[in-house]
Amino acid sequence: MKNFASVEKIGLRDKETKKLIVVYPFKPEGTDAEIDIAVKDWYYKQSCEAEDKILTSYVDFLTENELKAHK
């Protein structure tokens with residue numbers, strides 16, 4: 009279990025490239041399953057093309073470098 013609720017920032021990451029797609033702009037709250045759904049629902053509402061990217065992505069912690077870049 010990753011425990012997303014214990015971190016400040018999370019985002020969606022591409023399964024194949026492991027590249028960060030987007031940073032979730034809200035503090036993660038709830039269980040990991042609830043957070044996973046909330047992040048993907050939020051991203052889906054951002055654009056029509058998001059649906060395809062959601063299928064090939066996963067919710068993940070930001071790396072130290074990504075955290076610095078997205079503060």
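Residue numbers (our numbering): 9 to 79. Glycine included, C-beta positions come from ideal geometry on N, C-alpha and C. Everything numeric in this text was worked out from a predicted model, so none of it was measured.
Of the residues the options, the one placed nearest residue i, counting alpha carbons only
{"i": "alanine 41", "options": "Ala13, Glu72, Lys17", "result": "Ala13"}
{"i": "tyrosine 66", "options": "Glu57, Ile43, Glu37, Ser55", "result": "Ile43"}
Contact test: residue i Cβ vs the ligand ATP heavy atom, cutoff 7 Å
{"i": "threonine 71", "result": "As presented, the structure is devoid of all ligands, the ligand ATP included, so that no description of it is given."}
Element boundaries [beta strand (DSSP E), containing residue i]
{"i": "leucine 28", "result": "28 to 31"}
{"i": "valine 67", "result": "65 to 69"}
{"i": "glycine 19", "result": "18 to 22"}
Environment of residue i [buried if 16+ CB atoms lie within 10 Å]
{"i": "tyrosine 51", "result": "buried"}
Span of the alpha helix (DSSP H) around residue i
{"i": "asparagine 73", "result": "72 to 77"}
{"i": "valine 86", "result": "Nothing in the structure corresponds to residue 86, since the chain is present only between 9 and 79."}
{"i": "lysine 53", "result": "40 to 54"}
Close Cβ partners of residue i (< 6 Å) along its chain, the five nearest in sequence each way excluded
{"i": "glutamate 74", "result": "Leu28"}
Cβ-based neighbour list, residue i, same chain, cut-off 8 Å, excluding 5 preceding and 5 following
{"i": "glycine 38", "result": "Ala13, Ala46"}
CB contact flag (residue i, residue j, <8 Å)
{"i": "leucine 70", "j": "valine 31", "result": "yes"}
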